[in-house]
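Q:
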Amino acid sequence: MNTNYDHQLEEKHNICLVEAVNLALRRAMLDDESVVLLGEDIGVNGGVFRATDGLQEQFGISRVMDTPLAETTIAGTAVGMAVAGLKPIAEIQFMGFIYATLEHLFCHAARMRNRTRGRLTCPLVLRAPFGGGIHAPEHHSESTEALFAHIPGLRVVIPSSPARAYGLLLAAINNPDPVIFLEPKRLYRAEKHEVVDDGKALPLDTCFTLREGTDLTLISWGACIKECLSVVDGFNSIADSGLSIELIDLATVNPIDFATIEASIKKTGRCVIVHEAAKTCGIGAEIAAHIAEHLMSYCKAPVKRITGFDTVMPYFRNEQHYMITELDIEAGIKTVMASSF
Amino acid sequence: MNTNYDHQLEEKHNICLVEAVNLALRRAMLDDESVVLLGEDIGVNGGVFRATDGLQEQFGISRVMDTPLAETTIAGTAVGMAVAGLKPIAEIQFMGFIYATLEHLFCHAARMRNRTRGRLTCPLVLRAPFGGGIHAPEHHSESTEALFAHIPGLRVVIPSSPARAYGLLLAAINNPDPVIFLEPKRLYRAEKHEVVDDGKALPLDTCFTLREGTDLTLISWGACIKECLSVVDGFNSIADSGLSIELIDLATVNPIDFATIEASIKKTGRCVIVHEAAKTCGIGAEIAAHIAEHLMSYCKAPVKRITGFDTVMPYFRNEQHYMITELDIEAGIKTVMASSF
Amino acid sequence: MLHNLSPHLLTNVSTPLQYLSANGDVVIEGNSVKELPEFARDKELMVQAYRWMSLTRAFDQKAVALQRTGIIGTYPSSLGQEAISVACGMALERDDVFVPYYRDHGGYLVRGHSMEHLFLYWGGDERGSAYKPNEGSGFDMPICVPIATQASHAVGIASALKIQQKKQAVLCTLGDGASSKGDFLEALNLAGSWQLPVVFVINNNQWAISVPRHIQSGAPTLAQKGSAAGIPSIQVDGNDFIAMYEVLNEALERARKRKGPMLVEAISYRLSDHTTADDASRYRPQEEVDEAWSKEPSKRFQHYIHQQGFWDEKAEVCWQDDCQTQLVKAVAAYQSFEAEQPEAMFDHLYENWPTCMDDQVIACGEKYLRNHSG
Amino acid sequence: MLHNLSPHLLTNVSTPLQYLSANGDVVIEGNSVKELPEFARDKELMVQAYRWMSLTRAFDQKAVALQRTGIIGTYPSSLGQEAISVACGMALERDDVFVPYYRDHGGYLVRGHSMEHLFLYWGGDERGSAYKPNEGSGFDMPICVPIATQASHAVGIASALKIQQKKQAVLCTLGDGASSKGDFLEALNLAGSWQLPVVFVINNNQWAISVPRHIQSGAPTLAQKGSAAGIPSIQVDGNDFIAMYEVLNEALERARKRKGPMLVEAISYRLSDHTTADDASRYRPQEEVDEAWSKEPSKRFQHYIHQQGFWDEKAEVCWQDDCQTQLVKAVAAYQSFEAEQPEAMFDHLYENWPTCMDDQVIACGEKYLRNHSG
Ligand SMILES: Cc1ncc(C[n+]2csc(CCOP(=O)(O)OP(=O)(O)O)c2C)c(N)n1
Ligand SMILES: Cc1ncc(C[n+]2csc(CCOP(=O)(O)OP(=O)(O)O)c2C)c(N)n1
Ligand SMILES: [Mg+2]
Ligand SMILES: [Mg+2]
């Protein structure tokens, strides 16, 4: 038990994304004793990415529980705990191992409130690191957020900076309904930012407009925000690029904050969507479809999706050929800027 | 063992969709002894919908196998059988119970060929009845085909008539890669059509243009084809409707035959997509997104999706408020015909 | 006292625990009549148990009749398995948590769930699960359709109770078919590892729709699955209320005292079709069913309470009348529920409404008007 | 002959089957030295076994070194568990099917998978699994990353062999952690129900990353999980090659003779970190590891073959040299593999290419040019 911990409250921390996750978990556990953690290797080991580092030591084994190796049960147990009044936060070690949880998430977590007309609720958070680019073995690089987005009753939230990881995770924990919280592991230790440990949640169901612009709306989330930011800042700062790009971090990838997106596209008339997940039926499809239905008369050019291919992410030796680069985004933006109807 | 069976070969049958499924299974088992069936209640009972009726009697318990109640294992066993040279056809009793199979389908069936660079393959078929409108209990009405469509390496095939059920199921069985074959159970006994038991497969990865027209492209699949057909035939036959609608049955919902869709939209300039599944990230989103990216300059009006709501299918007393009706489709078509940019 | 509580002994039990023989006489052990648990002499309790069992049977009959006339939907009768579910209901204390499966009408009734709400549920109305049980803990679980998944919820609830340092126990039921599904096996394993206050009851009614017990598992007993998770496990004659009630009381008491989980395999028989949508004559011989009828729990128990002088023909006639009266009232109450509004499908999806879904609610209203005008 | 093949006896085995004590002496039973299986006197076989074990260890060392210098990726060493995997490889016949897990380098080597292909796999190249084993059946399974899912594939393959009336057996390995996952438990249950020709081997190395054996399950033995599926099951000292080889030979022979499945719990210890990405000192005491070193399989077996006069210092030096030579060659061969073309990611996705994906292949080529020009 770190007795010095209280002194650090509300202090500013210069931390990376995974440390912000840890900070939010710690904060939530301090503030609400119904918050408990369960998962594989989250106890003494502190999680394979150290997201839960020190938490078992601080809060004890009855609040930070190593489970047997059984993802179905991790999810199902979390459902039961949530119904019984706890706020369980379950960790799935990698998103590639999340599929055994789907029956519980789709059939129960997403439906308990509706099924019982509000008598029982299921305020769980299921965390998992996701995405490629870290040279990991097969199944350690998946981005299948769209599967969850298709299921009514689930919220899917993805942070893209340490501060948003902190604030959105707190929001997810506070949320009275289940939240799938996907952490872009390529960003886990990418950069340190200032995070104030003030216990304040960020809003869910809301995009974050990271850069304002007038010529094109660039929409992304998760790890790709890194490359997007760099490309946008490049364009926006070079006077003679003649381009001003608006960058929207979707953040809650379902339900989607279309109000913000609509306002932006009505202003810019052009849209590029970037995601690492496979193209077909990805979140990008939903956004582009929404534009096709509702915003085409404001559009000056076709929408463009820059996405992963509809293929299995290559093993790491060749994963670079799958991952989206700044050059890819730049080229996509230029194409859309150059085209019109 | 029905010794008279051989005499019926190549005969025409006036049968309903589920009987066509049965006929195709029987034909495939006669023609190829590596075809085996496994699932719950598919043996003596012939399946809860009778899709496998009489097959255990005809082909024996080593080719038509009742499994313990364990969907994960049904899928995983099918993967192993397929790798070992059989052509397993696994039945999941209702699509609502398919989620426990996803780890095996997504991580193994979809990847075995790619993972081993062609050394091992996984030619399995996973059949499941899907969709609502039959007044069934919770979890017996799901349409989550989009989940499968998002996973590279899987084909997702949906018939909408007895003849297409017969021909597409044979195609799925012949296909050297895994196929998720979803049967619209609302159509199982809806109508009898003529089916010739000639062992001929229909092509996969191809839409079927069920009606030709010049004013609007209507795209759907599965049970909704029934209402679409009726609406389209209504419009097309009434001289003073002034409308000629092209109806496309997507049939293979992934990968999508965009060539046929593109040609149609270039001709008609208008598109309505109908599906029972939830809207967000459904197959309709992919089609609309494709239009937004590639076909908007040919479009005279915004695309319209007529889909299930992003909500849990109500229990059967109120399921009518969720199900898509002819009136809904008619109204959607009229809206799109009346709008322009 | 349960004699064989060591896990080792329990799984080697070769015959299920039984007090009442098939005809309702107390079984003979050695040269004498087997000694009954004390509660078996408690007239009030025994009569109560019988009443619940026969009410459950009457409820089943009514429900099947309602299905046949289209007043409710597909329905799974619990015919012949009333002792198991009623014993569950009665062994539970008010604050314990019941995690039943779909054939547990008896347990639900004992827990104070109203018949009209059960009809509502089987009539395809979500409000059937919205009802707060009269005497329940407030979070008895609703019917869980995906087989065996409730077992994971049960361990989750048990874990929560343990963390919250509450003293309740959780009781989770499932079928023999369900015992093959990973969810159950994983949940058992977790219960053993974390020593959770949960009791699992397998209603081994010999069939999972058309799949017979011997295809479910090569194991001689399903109770062994508990031992493999380090859980004391026992086979019980599920058609013998006295045996079931004794074992469940002990098991739940152990759980409440935080002595760990237990598994009970209750041997019974599904006398009815799987559901009203099933035709069991397709896959099982009538002789088997006839034979099973001779062991059914209700007649057996009736014989016992008659013998004990707790019950007579007159009481029976009165009670059957009473059941019918309750049922008629419940059906009327059920039928007085108007359907929910179409938009109700959105009301309980999220506590915090995502405004981007406003459009869909509007569309739902328009759809209703479109389809219901004229 | 395996003495205890009845399922009942097997699960009550209180100490794992063992011939060689920790130091390599034959164990004493009663007053005399335990009688060894005949094959233990077969010099050639014993020397071969030792060679495979020490080659596996050398391979592990090299692989860890290659990971440290960035030449391959994350790698799971099999240090201390070589006897299990090598015994698997050696007990399998050419046409049997091996369904290993990721720590089975030894078994893969014995089966004739080349070292350069193993390096390729761990170097992040799909072609590492494309290689047809020299002596394998042609469908030995590739490494299966999602834990325990290979158990379902094993029963599927076993079922296929049975249906095809072939005489082979299937051998599937997994870890103690994997024994908690529903896939394994369901697969065991199916193997017992369908009486499939499959042998499961649990490498119980006491840890699943940082989760110790006692958190995995409350069951005293993992072998019990087999009994609960009606499968004969046995605990074996997994660091004793002779015990492992005897049991696996019998189990596979049973399977080939269609006498049904078996489960072997091999007791061992993971002497290394979980993988090169892990730091086991975070969660387990060094004393435990030191203690485990005293029981490791390779030294023990070396002592035995020395004692038998099958092996000496000179042979050891020669063989170690030989191992290094093989490894240097294999590394060179591995490094001579040029990376696949970017478009290779599409080549094996479907046998029948969906033309609607042509665009993506073109985009992939353009992407390559864009990102690699200048
Ligand atoms: C996961 C899942 N698979 C399949 C079904 C369909 N189904 C409903 S009941 C049933 C049989 C269950 O048998 P058992 O567990 O023995 O319970 P019983 O009905 O005999 O009481 C099946 C297969 C389901 N509801 N859930
Ligand atoms: C389904 C799944 N969950 C989690 C993981 C991550 N993971 C990889 S190895 C491992 C531990 C496995 O332990 P065990 O089965 O005992 O095998 P060992 O590594 O000890 O040989 C975990 C949790 C995985 N690969 N698959
Ligand atoms: Mg049953
Ligand atoms: Mg281990």
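Same order as they appear, the protein sequences are chains E, R, L and S. Number 332 in our numbering belongs to position 285 of the first sequence; there are no gaps in the numbering. Number 241 in our numbering belongs to position 194 of the second sequence; there are no gaps in the numbering. Number 309 in our numbering belongs to position 207 of the third sequence; there are no gaps in the numbering. Number 295 in our numbering belongs to position 193 of the fourth sequence; there are no gaps in the numbering. Quick reminder that beta carbons are idealized off the backbone N, C-alpha and C, glycines included.
So is residue 475 of chain L buried or exposed if we call it buried at 16+ other beta carbons inside 10 Å?
A: Position 373 of the third sequence, counted from the first residue, corresponds to residue 475 of chain L. Label assigned to residue 475 of chain L: exposed.
Q: Have a look at residue 313 of chain S and residue 209 of chain S and give me their C-alpha separation to the nearest angstrom.
A: Reading the fourth sequence from its first residue, position 211 is the one you call residue 313 of chain S. Reading the fourth sequence from its first residue, position 107 is the one you call residue 209 of chain S. Whole-angstrom Cα-Cα distance: 25 angstroms.
Q: Quick one: which chain E residues come within Cβ less than 8 angstroms of residue 384 of chain S?
A: Residue mapping note: residue 384 of chain S aligns to position 282 of the fourth sequence, counting from 1. Within chain E, the residues near residue 384 of chain S are 91, 92 and 93.
Q: Taking CB distances under 8 angstroms as the criterion, tell me whether residue 357 of chain E reaches chain R.
A: Residue 357 of chain E sits at position 310 when you count from the first residue of the first sequence. Output row for residue 357 of chain E: interface = yes.
Q: Applying the criterion that 16 or more other CB atoms from any shown protein chain within 10 Å of the CB defines a buried residue, is residue 132 of chain S buried or exposed?
A: Against the fourth sequence, residue 132 of chain S aligns to sequence position 30. Burial call: exposed.
Q: For ligand 4, which residues have a Cβ under 7 angstroms from at least one heavy atom, in chain order?
A: Output, sorted by chain position: S:277, S:278, S:279, S:305, S:306, S:307, S:308, S:309, S:310 and S:372.
Q: Select from S:446, S:422, S:196 and S:414 the residue whose C-alpha is nearest the C-alpha of residue 241 of chain S.
A: For the purposes of this step, residue 241 of chain S is taken as residue 139 along the fourth sequence, with counting starting at 1. Among S:446, S:422, S:196 and S:414, the Cα nearest to that of residue 241 of chain S is on S:196.
Q: Identify each residue in the stretch 139 to 164 of chain E for which the Cβ-Cβ distance to at least one residue of chain L is less than 7 angstroms, and report them in chain order.
A: Flagged, chain order: 150, 151, 154, 155, 160, 161, 162, 163 and 164.
Q: Tell me the rounded alpha-carbon separation between residue 331 of chain L and residue 284 of chain L.
A: Numbered from its first residue, the third sequence carries residue 331 of chain L at position 229. Numbered from its first residue, the third sequence carries residue 284 of chain L at position 182. Taking the straight line from one Cα to the other gives about 13 angstroms.
Q: Along the chain, where does the alpha helix (DSSP H) containing residue 326 of chain L start, and where does it finish?
A: Translated into the one-based positions of the third sequence, residue 326 of chain L becomes position 224. Per DSSP, residue 326 of chain L belongs to the alpha helix (DSSP H) from 326 to 329.
Q: DSSP three-state label for residue 230 of chain S, please.
A: What you label residue 230 of chain S is simply residue 128 of the fourth sequence in a count that begins at 1. Helix.
Q: Reducing DSSP to helix, strand and coil, say where residue 238 of chain R ends up.
A: For this step, residue 238 of chain R is matched to residue 191 along the second sequence. Coil, per DSSP.
Q: When you compare the CB of residue 317 of chain S with every CB in chain A, is at least one pair closer than 8 angstroms?
A: This model lacks chain A altogether, as its protein chains are E, R, L and S.
Q: State the Cα-Cα distance for the pair residue 325 of chain L and residue 290 of chain S, rounded to the nearest angstrom.
A: On the third sequence, position 223 is the one that residue 325 of chain L refers to. On the fourth sequence, position 188 is the one that residue 290 of chain S refers to. If I take the Cα positions, the gap works out to 16 angstroms.
Q: Measuring CA to CA, which of R:264, R:203, R:269 and R:273 is closest to residue 347 of chain R?
A: Translated into the one-based positions of the second sequence, residue 347 of chain R becomes position 300. Comparing Cα positions, the closest option is R:264.
Q: Please name the residue or residues paired with residue 134 of chain L in a DSSP beta bridge.
A: Working through the third sequence from its first residue, we reach residue 134 of chain L at position 32. Answer by DSSP bridge pairing, in chain order: L:131.
Q: State the DSSP-derived secondary structure class of residue 318 of chain E, mapped to helix, strand or coil.
A: The residue you call residue 318 of chain E lines up with position 271 of the first sequence. Reduced to three states, the DSSP call for residue 318 of chain E is strand.
Q: Under 8 angstroms between C-beta atoms, does residue 353 of chain E make it to chain R?
A: Within the first sequence, the letter at position 306 stands for residue 353 of chain E. Not closer than 8 angstroms to any Cβ of chain R, the Cβ of residue 353 of chain E fails to qualify, so no.
Q: Got a sec? Which residues, its chain only, sit under 7 angstroms from residue 305 of chain E by beta carbon, not counting five neighbours each side?
A: The count along the first sequence starts at 1 and reaches residue 305 of chain E at position 258. 337, listed in sequence order.
Q: Does DSSP classify residue 214 of chain E as helix, strand or coil?
A: Residue mapping note: residue 214 of chain E aligns to position 167 of the first sequence, counting from 1. It is helical.
Q: Flag residue 249 of chain S as yes when its Cβ comes closer than 7 angstroms to any non-hydrogen atom of ligand 2, and as no otherwise.
A: Residue mapping note: residue 249 of chain S aligns to position 147 of the fourth sequence, counting from 1. Residue 249 of chain S Cβ: within cutoff of ligand 2.
Q: Check the Cβ of residue 257 of chain L against every Cβ in chain E and list those closer than 8 angstroms, keeping chain order.
A: On the third sequence, position 155 is the one that residue 257 of chain L refers to. The contacting residues are 120, 123, 124 and 127.
Q: DSSP state of residue 60 of chain E, grouped into three classes?
A: Here residue 60 of chain E refers to the residue found at position 13 of the first sequence. Here residue 60 of chain E sits in strand by DSSP.
Q: Are the CB atoms of residue 213 of chain L and residue 230 of chain L nearer to each other than 8 angstroms?
A: Residue mapping note: residue 213 of chain L aligns to position 111 of the third sequence, counting from 1. Residue mapping note: residue 230 of chain L aligns to position 128 of the third sequence, counting from 1. Cβ distance not < 8 angstroms, so residue 213 of chain L and residue 230 of chain L don't count as in contact.
Q: Just tell me which of S:356, S:450, S:261 and S:154 has its CA closest to the CA of residue 361 of chain E.
A: For the purposes of this step, residue 361 of chain E is taken as the residue at position 314 of the first sequence. It is S:450.
Q: Taking residue 509 of chain L as the query, report the chain S residues whose CB atoms sit under 7 angstroms from its CB, ordered along the chain.
A: This structure cannot speak to residue 509 of chain L, because chain L is shown only from 103 to 476.
Q: Between the beta-carbon of residue 224 of chain R and the beta-carbon of residue 299 of chain R, is there less than 8 angstroms?
A: What you label residue 224 of chain R is simply residue 177 of the second sequence in a count that begins at 1. What you label residue 299 of chain R is simply residue 252 of the second sequence in a count that begins at 1. No. Outside cutoff.
Q: Does residue 264 of chain R come out as helix, strand or coil in the three-state DSSP assignment?
A: Locating residue 264 of chain R in the second sequence gives position 217, where the first residue counts as 1. In the structure shown, residue 264 of chain R sits in a strand (DSSP, three-state: E or B).
Q: Report yes if the CB atom of residue 203 of chain S is closer than 8 angstroms to the CB atom of residue 280 of chain S, and no otherwise.
A: What you label residue 203 of chain S is simply residue 101 of the fourth sequence in a count that begins at 1. What you label residue 280 of chain S is simply residue 178 of the fourth sequence in a count that begins at 1. Yes, they are a contact pair.
Q: Spell out whether any CB of chain L is found under 8 angstroms from the CB atom of residue 86 of chain E.
A: Residue mapping note: residue 86 of chain E aligns to position 39 of the first sequence, counting from 1. Chain L contact via Cβ: absent.
Q: Using a cut-off of 8 angstroms between C-beta atoms, extract the partners of residue 454 of chain L located in chain E.
A: Translated into positions along the third sequence, residue 454 of chain L becomes position 352. Here the neighbours are 222, 223, 224, 251 and 252.
Q: Using the beta-carbon of each residue, which ones in chain E are nearer than 8 angstroms to residue 458 of chain L?
A: If you number the third sequence from 1, residue 458 of chain L lands on position 356. Within chain E, the residues near residue 458 of chain L are 252, 302, 303, 304, 305 and 306.
Q: When the cut-off is 8 angstroms and only beta carbons count, does residue 378 of chain R lie next to chain S?
A: Position 331 of the second sequence holds residue 378 of chain R. No, residue 378 of chain R lies away from the interface with chain S (no Cβ there is under 8 angstroms from its Cβ).
Q: Could you check whether residue 173 of chain R and residue 194 of chain R sit closer than 8 angstroms to each other, using their CB atoms as the reference points?
A: What you label residue 194 of chain R is simply residue 147 of the second sequence in a count that begins at 1. What you label residue 173 of chain R is simply residue 126 of the second sequence in a count that begins at 1. Contact: no.
Q: Determine, using beta carbons only, whether residue 139 of chain S and residue 338 of chain S come nearer to each other than 8 angstroms.
A: Taking the fourth sequence and counting its residues from 1, one reaches residue 139 of chain S at position 37. Taking the fourth sequence and counting its residues from 1, one reaches residue 338 of chain S at position 236. Not in contact: residue 139 of chain S and residue 338 of chain S (Cβ atoms no closer than 8 angstroms).
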